[in-house]
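Notes for the one structure printed next.
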Amino acid sequence: MIIFQRCIFKRVLQQFYAGSQETSGSLLRGLPTLNGHRSESNLAGVRERTLIAVKPDGVQRRLVGQIIQRFELRGFKLVGLKMLQVSEDLLSRHYSQLTGKPFYPDLVKYMTSGPVVVMVWEGYNAVQTSRAMVGLTNPADAQAGTVRGDFSIHVSRNVVHASDSPEGAQKEIQLWFQGQELLNWDCCYHNITCEL
Ligand code: UDP
Ligand code: MG
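In the numbering used here, the protein residues as written are 688 to 883.
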């Protein structure tokens, strides 16, 4: 409660000095707006998006809930989610840089062996933080505490995918999701997990 009051007080002061037109109603709700003193670039930083997918082994092993929970608890916001059976065509576009690798045929078998759950998570530094949460590609090298380090042992069954750069994330999100499948919604924790 004290933290909440401090947040409100701080925002009131910010508004006072910035001379913004924001109403006391929206101050209390603490919802982000595109008006007022916050710049578009600030919002872009805290609204970075990344693509996370629970691969077929993760779905079969009923790890979907635990993986979602890690991202929720960390503070990211879920803006897209669906379960699907991946086609070879979609996979070859997703892994376009890997199609020439010796392990690619096995990767196709693995990734098309059952449904995947694909998600878009949003928040500050989403791509880099997610990669750290997911851990190194080879679970043998992945640290305990990461998804791969906790739930997998072999590179061919490493449970989860995470975009590796903001540019890659943008491409992957466009590949896996239609625009209308992603929701822009206001999370009441937004101001508590990030300074805007
Ligand atoms: N992979 C594999 N054998 C390898 C390297 C990669 O089966 O020697 C698979 C593994 O599932 C990995 C995916 O190919 O997650 C994509 O590889 P990438 O190098 O992009 O790793 P990631 O970005 O997933 O960590
Ligand atoms: Mg990759």
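C-beta atoms are modelled at their ideal positions from N, C-alpha and C, and glycine is treated no differently.
Taken from the Cβ of residue 873, every heavy atom of the ligand MG lies 7 Å or farther away. Within 7 Å of the C-beta of residue 746 there is not a single heavy atom belonging to the ligand UDP. Taking a C-beta distance under 8 Å as the contact criterion, residue 810 and residue 764 qualify as a contact pair.
Bridge pairing for residue 767: 807 [DSSP]. Under DSSP, the beta-bridge partners assigned to residue 736 are 809. As a beta-bridge residue in DSSP terms, residue 831 pairs with 833. The alpha carbon of residue 805 has as its nearest neighbour, out of 878, 739 and 835, the alpha carbon of 739. In the structure shown, residue 877 adopts helical secondary structure according to DSSP, grouped into three states. Shortest gap from the CB of residue 848 to any heavy atom of the ligand UDP: under 7 Å. Residue range 847-849 is occupied by the beta strand (DSSP E) that includes residue 847. Collapsing the DSSP output to three states places residue 814 in a helix.
Residue 785 has its CB nearer than 7 Å to a heavy atom of the ligand UDP. Relative to the ligand UDP, even the nearest heavy atom lies 7 Å or more away from the CB of residue 838. By a beta-carbon distance limit of 8 Å, residue 853 does not contact residue 800. Their separation comes to about 30 Å.
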